[in-house]
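Structure first, commentary second.
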Amino acid sequence: MLTVKTSIAPDLDAGPDSDEMLKPLLKSQVKSILLKGEPGTGKTTLALELLRIYGSGIYVSTRVSQEQSKDHHPELNSLFDSGEAIEINPQDYDLKRGSSSAYSFEDLRFSNPEDVVNSVIRAIQKVKKPMIILDSWDAIANRTEKSERLKVEQSLSLMALGNEAKLLFVSEEPQLTTTDYLVDAVVTLQNDLYEGRRVRRIQWNKIRGSAMTNWSNLFTLFDGRFTAFSQQALMWQHIAEPQPFVPIAHKEAFYSTGSDDLDAFFGGGLRKTFFVLVEFGQYVGSAAFNPVSTSIRCNFIMNDGCSITIPSPGVSANRIKESVAHHVPTKLIDSSLRLAYFELFDVDPCFFSLNASSAKESFDKIMSEAQKIKGAKNRPCVFSFGSETLENVFSREEAFRFAQGMVQRVRHFGDVLYVVMRRGSPLVDQLSNLSDIHVKLDQIDGTIVIHRLKPWSQLFAVIYDNSQGYPKIKLMPFV
Amino acid sequence: MDNRSDLRLLASLDRALDVYGESMKQVIYSNLETMFGVKRESIIDNPEKFVETLDKIFGSGSGAIKKTILVHMEELTQNPEGVSSTELSNALRDASPDKARNASLKK
Numbered sequence: 001m002l003t004v005k006t007s008i009a010p011d012l013d014a015g016p017d018s019d020e021m022l023k024p025l026l027k028s029q030v031k032s033i034l035l036k037g038e039p040g041t042g043k044t045t046l047a048l049e050l051l052r053i054y055g056s057g058i059y060v061s062t063r064v065s066q067e068q069s070k071d072h073h074p075e076l077n078s079l080f081d082s083g084e085a086i087e088i089n090p091q092d093y094d095l096k097r098g099s100s101s102a103y104s105f106e107d108l109r110f111s112n113p114e115d116v117v118n119s120v121i122r123a124i125q126k127v128k129k130p131m132i133i134l135d136s137w138d139a140i141a142n143r144t145e146k147s148e149r150l151k152v153e154q155s156l157s158l159m160a161l162g163n164e165a166k167l168l169f170v171s172e173e174p175q176l177t178t179t180d181y182l183v184d185a186v187v188t189l190q191n192d193l194y195e196g197r198r199v200r201r202i203q204w205n206k207i208r209g210s211a212m213t214n215w216s217n218l219f220t221l222f223d224g225r226f227t228a229f230s231q232q233a234l235m236w237q238h239i240a241e242p243q244p245f246v247p248i249a250h251k252e253a254f255y256s257t258g259s260d261d262l263d264a265f266f267g268g269g270l271r272k273t274f275f276v277l278v279e280f281g282q283y284v285g286s287a288a289f290n291p292v293s294t295s296i297r298c299n300f301i302m303n304d305g306c307s308i309t310i311p312s313p314g315v316s317a318n319r320i321k322e323s324v325a326h327h328v329p330t331k332l333i334d335s336s337l338r339l340a341y342f343e344l345f346d347v348d349p350c351f352f353s354l355n356a357s358s359a360k361e362s363f364d365k366i367m368s369e370a371q372k373i374k375g376a377k378n379r380p381c382v383f384s385f386g387s388e389t390l391e392n393v394f395s396r397e398e399a400f401r402f403a404q405g406m407v408q409r410v411r412h413f414g415d416v417l418y419v420v421m422r423r424g425s426p427l428v429d430q431l432s433n434l435s436d437i438h439v440k441l442d443q444i445d446g447t448i449v450i451h452r453l454k455p456w457s458q459l460f461a462v463i464y465d466n467s468q469g470y471p472k473i474k475l476m477p478f479v
Numbered sequence: 480m481d482n483r484s485d486l487r488l489l490a491s492l493d494r495a496l497d498v499y500g501e502s503m504k505q506v507i508y509s510n511l512e513t514m515f516g517v518k519r520e521s522i523i524d525n526p527e528k529f530v531e532t533l534d535k536i537f538g539s540g541s542g543a544i545k546k547t548i549l550v551h552m553e554e555l556t557q558n559p560e561g562v563s564s565t566e567l568s569n570a571l572r573d574a575s576p577d578k579a580r581n582a583s584l585k586k
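Taken in order, these protein sequences are the chains called S and Y.
Residue numbering for the first sequence follows the numbering used here, beginning at 1 and increasing consecutively.
Residue numbering for the second sequence follows the numbering used here, beginning at 480 and increasing consecutively.
Below is the structure:
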C-alpha cells in the first residue's frame with residue numbers, strides 16, 4: 001500500500017478548470033465513488049488526480065506490483081515522494097517514520113477481501129480522513145459470491161462513513177454491479193473515435209448532492225495527468241479588460257499566428273506562400289474561430305504586416321475591427337487592416353466595397369487594396385475570406401476561380417491565405433485539393449477541437465485563454 | 480471454554496456478524512486478536528475489548544453493528560441512534576446466565 005500523508009507539491013497542478021470539474025466528487029456528501037472504464041481509459045490516472053486534489057490518502061493496488069506502478073505512472077513517484085511517508089508494520093501496528101522518500105507497498109494481487117479490508121482498517125487508523133483508492137476492486141470482489149461482495153462493500157462503506165474517509169472503487173466491469181447502487185457517485189471513462197482520432201470522455205453517471213449540468217466532458221491524459229475540458233462558450237467572446245497584444249516574431253520561412261501552440265500545429269507557423277483551408281464542423285461557426293483570427297491579425301499588424309479580410313456571412317466589419325482594436329493601436333489599424341464587403345453600411349478607413357455583379361472586378365479591387373496597404377516595402381500580408389460569402393454572391397465556378405487567383409497572388413508575393421468554410425460547402429473538395437493545409441474545427445461535448453486533415457494530425461482540444469487581456473490560443477492533444 | 484450458554488452467545492454473535500459478510504466477521508475477530516490478544520472464544524470474558532475493536536474499525540458507524548448484535552441476541556434497544564459501547568458491553572456480560580449467577584452469589 002502506498003501512503004500519502006500531506007498535500008502535494010504545487011507543480012503537479014493540472015489546472016484550475018479541470019480541478020473545479022472534479023471537485024463535486026470530493027464534496028462531503030460523496031462518501032464513496034465508483035470509477036468505471038475499460039482497460040486503458042485512464043482510471044488510475046484519474047484516481048491519482050483525485051487523490052492529489054483531496055490532499056491525503058492511501059492507494060491500494062490489487063493488480064500491479066510496486067515497480068509496475070512506478071513504470072506505468074511516473075507521476076506516482078512524485079506524488080508520494082513529495083508527501084510524508086509512513087512505513088506500516090502489519091505485525092504490531094507500530095508505525096515507524098521512514099525517510100522522506102521511503103514508503104511501504106502492499107502487494108495485494110493474490111489477496112482476498114479480508115486482506116483488503118485489513119489494509120483499509122490500518123490506513124483509517126493512521127491517516128486522518130483519508131481517501132482510500134481500491135484499484136481495482138473487481139480484481140478482488142470477483143473472487144467472492146455476489147451476496148458476500150455486497151456485504152463487504154456495505155461494511156467498507158460503513159467503515160468509511162464512520163471514520164470520515166472517502167472510498168474510491170476502481171472497476172473494469174462495464175455492467176451494473178452491486179457497487180453501482182451502493183456508492184454516492186459513479187463516473188465512467190470511455191475511449192471514442194472522432195474521424196479516426198482518439199477522443200477521451202468522462203461520463204457523469206451519478207453524483208449525490210450535485211446538480212449535473214453536463215452528461216459528459218472530454219479529457220486528456222497528456223503528460224501523464226488527467227485534464228478535463230470544460231464546455232467552452234461558442235459565442236463571440238468578450239474580454240473584460242483588454243490589454244495590448246504581445247506579438248511573437250515571424251521566422252524566416254514562417255509567419256507566426258501569435259500562439260506558440262498554433263504555430264507548432266501548423267508545423268512552425270503559417271509558411272510563407274501557403275494556403276490554409278479551415279473547415280467548420282456542424283456546430284461551430286465564425287464565433288468559435290474568432291480568437292484565432294484575431295490573434296493572427298494582431299500578430300501580423302504588430303509585426304509591421306497587414307491583413308485583408310472578406311468576412312463570413314453574419315460577421316460584421318465593425319465587430320472584426322473592434323476585436324483587433326482592443327489590442328492594437330488605432331494608428332496601426334488604420335494603416336494595416338482592411339475589410340471588404342459587398343454591401344457597405346459604414347464609412348470607415350478600414351472598409352471598402354466589392355462589386356457583387358463582377359467577380360473579376362471584386363478580385364481586382366482586392367489586389368489594388370493589397371498593393372496599397374503592403375506599400376513599397378511589400379509588407380507581409382495575411383489574406384482571409386469566408387468561402388460562403390463568395391458562394392452566396394458568385395457562381396460556384398467564379399468563387400473557385402476567385403480563390404485560385406488569391407492563392408496565386410499569395411504564392412507570388414510570399415504572403416499567406418486562409419479560407420474559412422462551412423460544413424457541406426460544394427467547394428470543399430476543390431479547395432482542399434488546392435490547399436497546402438486543410439484543418440477542421442469542430443466541437444465535441446462542448447469542447448472546441450481541431451485537427452489537420454491534410455497533412456494528417458491527431459486531435460487537439462482548443463483552449464482560449466483571455467487571462468492576459470488578449471486571446472491566447474492553447475492546444476492540448478488527446479492522448 | 481465449555482459453557483453451553485456462552486457457546487450459544489458466541490453463535491448468535493457469529494450470526495450477527497454474518498450480516499456484514501464472512502470476510503468482515505473474520506476481519507473483526509482477527510483484529511480483536513491482533514489489537515488486544517483476545518480470541519473469539521474469550522469475547523464473553525472481554526466484552527469491552529470486543530466493543531473497542533468495533534469502535535476502532537467502524538468509528539462512529541459502529542453503532543449500527545452493535546445494534547445488529549443486540550438484535551440477534553434477542554435484546555431490544557430503544558435507542559434509534561444505535562447502541563453505546565457501555566450498553567453492549569453490559570449486555571454481552573449480562574447475557575451469560577452463569578455470569579449473572581456468579582454476580583448474584585458475590586452479593
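Each residue gets a CB set at the ideal place from its N, CA and C atoms; glycine is no exception.
Worksheet item: Can you tell me whether DSSP reads Y/Val-550 as helix, strand or coil?
Response: In the second sequence, the residue the question calls residue 550 of chain Y occupies position 71. Y/Val-550 falls in the helix class under three-state DSSP.
Worksheet entry | Proximity below 8 Å, CB of S/Ser-171 to CB of S/Leu-26 | Along the first sequence, one-based indexing puts residue 171 of chain S at 171. Along the first sequence, one-based indexing puts residue 26 of chain S at 26. No.
Worksheet item: Is S/Lys-482 near S/Cys-350, with beta carbons less than 8 Å apart?
Response: Nothing can be reported for residue 482 of chain S: it is not among the residues displayed for chain S, which extend from 1 to 479.
Item to complete: May I ask you to list, following chain order, the residues of the region 503-523 of chain Y that have a beta carbon less than 9 Å from some beta carbon of chain S?
Response: Met-503, Gln-505, Val-506, Ser-509, Asn-510, Thr-513 and Met-514
Discussion item. Against Y/Ile-548, what residues of chain S qualify as contacts under a CB-to-CB distance less than 7 Å, listed in chain order?
Written reply: Indexing the second sequence from 1 puts residue 548 of chain Y at position 69. Simply none; closest approach about 14 Å.
Fill in: Between the CA atoms of S/Tyr-418 and S/Lys-454 - distance to the nearest angstrom
Position 454 of the first sequence, counted from the first residue, corresponds to residue 454 of chain S. Position 418 of the first sequence, counted from the first residue, corresponds to residue 418 of chain S. Straight-line Cα distance between these residues: approximately 14 Å.
Worksheet item: What's the C-alpha gap between S/Arg-319 and S/Trp-456?
Response: Along the first sequence, one-based indexing puts residue 319 of chain S at 319. Along the first sequence, one-based indexing puts residue 456 of chain S at 456. Looking at the two C-alpha atoms, the distance is approximately 33 Å.
Worksheet item: Per DSSP, what kind of secondary structure is S/Val-410 in: helix, strand or coil?
Response: Within the first sequence, residue 410 of chain S is the residue found at index 410, counting from 1. Helix at S/Val-410.
Practice prompt. Quick one: list the residues of chain Y neighbouring S/Pro-113, beta-carbon separation under 7 Å, in chain order.
Written response: Along the first sequence, read from residue 1 onward, the residue named residue 113 of chain S stands at position 113. By Cβ distance, chain Y contributes Ser-502.
Discussion item. Please report the straight-line C-alpha distance between S/Ser-147 and S/Arg-201, rounded to a whole angstrom.
Written reply: Position 147 of the first sequence holds residue 147 of chain S. Position 201 of the first sequence holds residue 201 of chain S. In a straight line, the C-alpha of S/Ser-147 is about 32 Å away from that of S/Arg-201.
Worksheet item: Going by DSSP, what residues sit across from S/Cys-350 in a beta bridge?
Response: Taking the first sequence and counting its residues from 1, one reaches residue 350 of chain S at position 350. The partner list for S/Cys-350 (beta bridge, DSSP) is empty, contrary to what the question assumes.
Discussion item. Spatial neighbours of Y/Leu-571 within its chain, please: C-beta separation below 6 Å, excluding the five flanking residues on both sides.
Written reply: Here residue 571 of chain Y refers to the residue found at position 92 of the second sequence. Same-chain partners within the cutoff: Pro-526.
Discussion item. Let me check understanding here. Comparing Cα to Cα, which of S/Lys-128, S/Glu-388, S/Ala-325 and S/Asn-299 lies closest to S/Ile-239?
Written reply: Residue numbering aside, residue 239 of chain S sits at position 239 when the first sequence is read from its first letter. Of the listed residues, the one whose Cα sits closest to S/Ile-239 is S/Ala-325.
Fill in: the region 440-462 of chain S: positions lying closer than 9 Å to chain Y by Cβ
none
Discussion item. Which residues in chain Y have a C-beta closer than 7 Å to the C-beta of S/Gly-162? List them in chain order.
Written reply: The count along the first sequence starts at 1 and reaches residue 162 of chain S at position 162. Within 7 Å Cβ-Cβ: Phe-537, Gly-538, Ser-539, Gly-540 and Ser-541.
Item to complete: Take every Cβ of the region 294-303 of chain S, pair it with every Cβ of the region 502-513 of chain Y, and state whether three or more of those distances are shorter than 8 Å.
Response: no
Worksheet entry | Which residues DSSP lists as bridging S/Ile-310, in chain order | Your numbering for residue 310 of chain S matches position 310 in the first sequence. In the DSSP output, where bridge partners are listed per residue, S/Ile-310 has S/Phe-385.
Worksheet item: Once you ignore the five residues that flank S/Gln-443 on each side, which residues in its own chain have a CB closer than 6 Å to its CB?
Response: As a first step, residue 443 of chain S must be located in the first sequence, where it is residue number 443. Excluding positions up to five away in sequence, the list reads Tyr-283 and Val-284.
Worksheet item: Counting contacts by CB-CB distance shorter than 8 Å, is S/Gln-125 in contact with chain Y?
Response: Counting from 1 along the first sequence, the entry for residue 125 of chain S is found at position 125. S/Gln-125 counts as touching chain Y.
Worksheet item: Under 7 Å Cβ-Cβ, which residues of chain Y neighbour S/Leu-158?
Response: Working through the first sequence from its first residue, we reach residue 158 of chain S at position 158. The contacting residues are Phe-537, Gly-540 and Ala-543.
Worksheet item: Between the Cα of S/Phe-245 and the Cα atoms of S/Gln-468, S/Asn-355 and S/Glu-388, which residue gives the shortest distance?
Response: Here the question's residue 245 of chain S lines up with position 245 in the first sequence. For S/Phe-245, the nearest C-alpha among the options comes from S/Gln-468.
Practice prompt. Answer yes if the region 142-160 of chain S comes into contact with the region 41-52 of chain S, meaning at least three C-beta pairs across the two stretches below 8 Å, and no otherwise.
Written response: no
Fill in: Nearest neighbour of S/Gly-57, chosen from S/Ser-111, S/Gly-414, S/Gln-125 and S/Pro-130 [CA to CA]
For the purposes of this step, residue 57 of chain S is identified with residue 57 of the first sequence, where counting begins at 1. The candidate whose alpha carbon is nearest that of S/Gly-57 is S/Pro-130.
Discussion item. Can you list, in chain order, the residues of its chain with a C-beta nearer than 7 Å to that of Y/Ile-536? Leave out the 5 residues immediately preceding and following it.
Written reply: Numbered from its first residue, the second sequence carries residue 536 of chain Y at position 57. Ile-507 and Asn-510, listed in sequence order.
Worksheet item: Taking Cβ to Cβ, would you say Y/Gly-540 is nearer than 8 Å to S/Leu-158?
Response: For the purposes of this step, residue 540 of chain Y is taken as the residue at position 61 of the second sequence. For the purposes of this step, residue 158 of chain S is taken as the residue at position 158 of the first sequence. Taking 8 Å as the Cβ cut-off, Y/Gly-540 and S/Leu-158 qualify as a contacting pair.
Discussion item. Any beta carbon from chain Y within less than 8 Å of S/Lys-36's own beta carbon?
Written reply: By one-based count along the first sequence, residue 36 of chain S stands at place 36. It does not: the Cβ of S/Lys-36 has no partner Cβ on chain Y nearer than 8 Å.
Worksheet entry | Within chain Y, partners of S/Val-284 - CB distance below 7 Å | As a working mapping, residue 284 of chain S is identified with position 284 in the first sequence. Per Cβ cutoff of 7 Å: no residues; S/Val-284 is ~51 Å from chain Y at best.
Worksheet item: Pairing CB atoms from the region 273-283 of chain S with CB atoms from the region 341-360 of chain S, are three or more of them under 8 Å?
Response: no
Practice prompt. My understanding is that S/Gln-203 touches S/Val-183, with C-beta atoms under 8 Å, so please give their C-beta distance in whole angstroms.
Written response: On the first sequence, residue 203 of chain S is found 203 positions in, with the first residue counted as 1. On the first sequence, residue 183 of chain S is found 183 positions in, with the first residue counted as 1. No, S/Gln-203 and S/Val-183 are not in contact; Cβ-Cβ is about 15 Å, not under 8 Å.
Item to complete: Identify the contact partners of S/Asn-142 in chain Y, using a Cβ-Cβ distance below 7 Å as the criterion.
Response: Counting from one through the first sequence, the residue named residue 142 of chain S turns up at place 142. None at all; the shortest Cβ gap to chain Y is about 14 Å.
Discussion item. Please identify the residue among S/Phe-222, S/Val-199, S/Val-60 and S/Phe-226 whose C-alpha is closest to the C-alpha of S/Leu-167.
Written reply: The residue labelled residue 167 of chain S in the question sits at position 167 within the first sequence. Looking at the Cα atoms, S/Val-60 is the closest of the given residues.
Worksheet item: So is Y/Gly-500 buried or exposed if we call it buried at 16+ other beta carbons inside 10 Å?
Response: As a working note, residue 500 of chain Y is residue 21 in the second sequence. When all chains shown are included, Y/Gly-500 counts as buried.
Discussion item. For a cutoff of 8 Å on Cβ pairs, would you count S/Ile-121 as touching chain Y?
Written reply: Indexing the first sequence from 1 puts residue 121 of chain S at position 121. Judged by the 8 Å Cβ criterion, S/Ile-121 is in contact with chain Y.
Worksheet item: Is the CB of S/Ser-136 under 8 Å away from at least one CB in chain Y?
Response: Along the first sequence, read from residue 1 onward, the residue named residue 136 of chain S stands at position 136. By this cut-off, S/Ser-136 is not an interface position.
Worksheet item: Any beta-carbon of chain S closer than 8 Å to the one on Y/Thr-556?
Response: Walking along the second sequence from the start, residue 556 of chain Y turns up at place 77. Note that Y/Thr-556 scores 38 on pLDDT, short of 50, meaning its location in the model is unreliable and no value can be drawn from it.
Discussion item. Helix, strand or coil for S/Ile-444? Go by DSSP, reduced to three states.
Written reply: Taking the first sequence and counting its residues from 1, the one referred to as residue 444 of chain S is at position 444. S/Ile-444: strand per DSSP, three-state reduction.
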